[in-house]
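>
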Amino acid sequence: MNQDFRTVRVPLADRSYDVLIGHGVRNSLTSLLPATVRRVAIVTQQGIPYNVDPGVPHEVFSIGIGEEHKSLATIETLCRGFANMGLTRHDVVVGLGGGMVTDVAGFAAATWHRGIPVVHVSTTLLGMVDAAIGGKTGVNLPEGKNLVGAYWQPSGVLCDLDTLATLSPREMRCGMGEMAKYHFLTGDDLLGMGMVDRISRCVQIKAEIVGADEREGGRRALLNYGHTLAHALEIAGDFSLAHGEAVAIGLIYAAHLGQVLGRIGDERVRQHYDVVGGLYELNTALPPFDHELLLALMGRDKKALDGLTFVLDGDNGVEVVAGVPADAALEALRVMARA
Ligand code: GLY
């Protein structure tokens, strides 16, 4: 392993764990496995640029590519595979891939024998800065994204930066969409840092929030800045927009909505364009989807316990705002479409 690596601890009392970030850290997998481990089930996908060696007998399960495979049917197939290999509570699931793989592997681990350890080896920028950290696992239903899932913290996470050189520009953009979100949560100049520090800082921000609010009773919801419209865009576009691309557009929409509600002024909206479109070089244009459809989809968001709910900027920084009038949400869509 290259010496330039960082360790960030996710502080969750007796379930705390380390995230290792650096070139070659995939070779540290054995150091994250519990001493009891006798077998490992590696859950991965085709096209992942490397394998990992857990140092004990293991089987590899390759799941399909595409959101339609992020399903209960995939969980059943995996669990039947675990049964055939005799995976026990002493053993470990390893999720080797991007956000979809670690979400699915994590959920399979959470439910197999009512929960066995999982270690994530994240292979995308988006996974490293967000999806692999914090224990949200789950799958989609035809009715919506990530509707079935569990909080199941990994025993450790490896973010091997060797993979970044293999990612497509689109995959890099997706990670940048989530990074732009951290920019608004902290004001940090993430792009002024080298890649190891930049990813480590994002992990540190997320670790601190997850440590304080694991089950999204409060602050963790801030990690959804830009996500309410983003999830609606993903569904309305039949997943033609990738998650990070949708988050970039969702951040701009959140700024417009904040402005429509009188929470922020024009200058702050312009700053959102400057950061997302300028600094992070992401597309900020609202796709031409039907506004009423987007509104209906936003109303189904998991945060929407009390009417339309958004994470919005304002005098106190970014915060959760419930009971947003539908007219305001539609007006912000109209304003953004004209911008
Ligand atoms: N991706 C948002 C969260 O983990 O809470």
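Counted from 1, the sequence shown has number 236 at position 236 by the UniProt record's numbering; the numbering is strictly sequential.
Built from N, CA and C at the ideal position, the CB exists for glycine as well.
The structure presented is a predicted model; accordingly, all values stated were derived computationally and were not measured.
#1: Can you find the residues in the same chain that come closer than 7 angstroms, C-beta to C-beta, to residue 252, ignoring five residues on each side of it along the sequence?
#2: When the Cα atoms are used, what is the spatial distance from residue 34 to residue 197?
#3: Could you check if residue 258 is buried or exposed, using at least 16 other CB atoms within 10 Å of its CB as the buried criterion?
#4: Consult DSSP for residue 245 and reduce its assignment to one of helix, strand or coil.
#5: For the pair the stretch 128-147 and the stretch 210-227, tell me if three or more CB-CB distances fall below 8 angstroms.
#6: Residue 184 lies in the alpha helix (DSSP H); which residues open and close that run?
#7: Count the other CB atoms, across all protein chains shown, that sit within 10 Å of the CB of residue 122; report buried if there are 16 or more and exposed otherwise.
#8: Residue 177: which of 11, 266, 128 sits nearest, CA to CA?
#9: Alpha carbon to alpha carbon, how far is residue 8 from residue 204?
#10: Residue 5 lies in the beta strand (DSSP E); which residues open and close that run?
#11: Just curious, the alpha helix (DSSP H) that residue 271 is in, first and last residue?
#12: Look up residue 189 in the DSSP assignment and say whether it is helix, strand or coil.
#13: When the distance is taken between beta carbons, is residue 119 closer than 8 angstroms to residue 41?
#14: Per the DSSP calculation, residue 137 is bridged to which residue(s)?
#15: In this structure, how does DSSP classify residue 44 when only helix, strand and coil are distinguished?
#16: What separation, rounded to the nearest whole angstrom, lies between the Cα atoms of residue 154 and residue 21?
#17: Under the three-state reduction of DSSP, which class applies to residue 18: helix, strand or coil?
#18: Excluding five sequence neighbours on each side, which residues of the same chain lie with their C-beta closer than 7 angstroms to the C-beta of residue 141?
#19: Quick check on residue 140 - is its C-beta less than 8 angstroms from some C-beta in chain D?
Reading it off the structure:
#1: 272, 273, 276, 284, 336
#2: 28 angstroms
#3: buried
#4: helix
#5: yes
#6: First-last of the alpha helix (DSSP H) with residue 184: 169-186.
#7: Looking at its Cβ environment, which holds 16 or more other Cβ atoms inside 10 Å, residue 122 is buried.
#8: Among 11, 266, 128, the Cα nearest to that of residue 177 belongs to 128.
#9: 6 angstroms
#10: 5-10
#11: 266-273
#12: Note: residue 189 maps to coil in three-state DSSP.
#13: no
#14: 150
#15: strand
#16: 15 angstroms
#17: Residue state, collapsed to three classes: strand.
#18: 147, 148
#19: Of the protein chains in this structure there is only one, and it is not chain D.
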